[in-house]
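*Asks:*
Residue numbers (the numbering used here): 49 to 187.
Structure (structure tokens):
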């Protein structure tokens with residue numbers, strides 16, 4: 049039935065989002081640790097650098113595999129990317145606030161705080177992408 053197909057599609061999309069969300073988290077934490085710990089760059093700047101790597105990876109994987117976006121054409125893709133990066137900018141602000149509170153002010157372990165923040169961000173990013181960025185038009 050159409051209802052069970054929709055349910056299966058939603059479950060598969062969420063499973064793919066967990067997979068690529070996990071891989072995006074690895075990109076984010078790996079590049080953050082490299083820039084912050086390896087290169088000795090401030091945690092907030094390192095986070096922005098890691099964000100650029102992770103969001104670019106996430107856009108490509110979300111567009112192709114998670115939400116299977118059929119958007120083509122230069123301006124439509126630009127609009128989709130703007131919404132995606134805009135949503136991610138919002139969650140970057142949330143993440144920067146979490147890092148500032150728990151690392152800068154409370155002196156928590158940089159990489160552990162980054163990891164915990166990624167769990168919050170993963171959930172927020174899925175909700176934003178599903179509801180605002182890759183929303184399918186009613187057929």
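C-beta atoms are modelled at their ideal positions from N, C-alpha and C, and glycine is treated no differently.
Starting from the Cα of residue 149, find the closest Cα among 161, 83, 173, 99 and give me that residue.
*Replies:* If we check each option's Cα against that of residue 149, 161 comes out closest.
*Asks:* Quick one: grab the DSSP three-state call for residue 121.
*Replies:* Three-state result, residue 121: coil.
*Asks:* Going by CA-CA distance only, name the one from 100, 50, 88, 155 that's closest to residue 134.
*Replies:* Of the candidates 100, 50, 88, 155, the one whose C-alpha sits nearest the C-alpha of residue 134 is 100.
*Asks:* Taking 8 Å as the threshold (C-beta atoms), are residue 143 and residue 181 in contact?
*Replies:* Contact flag unset, no.
*Asks:* Roughly how many whole angstroms lie between the Cα atoms of residue 65 and residue 76?
*Replies:* Between residue 65 and residue 76, the C-alpha separation is close to 15 Å.
*Asks:* If I'm right that residue 146 touches residue 165 with Cβ under 8 Å, what's the distance once you round it to whole angstroms?
*Replies:* Going by Cβ atoms, the distance from residue 146 to residue 165 rounds to 4 Å, so yes, they are a contact pair.
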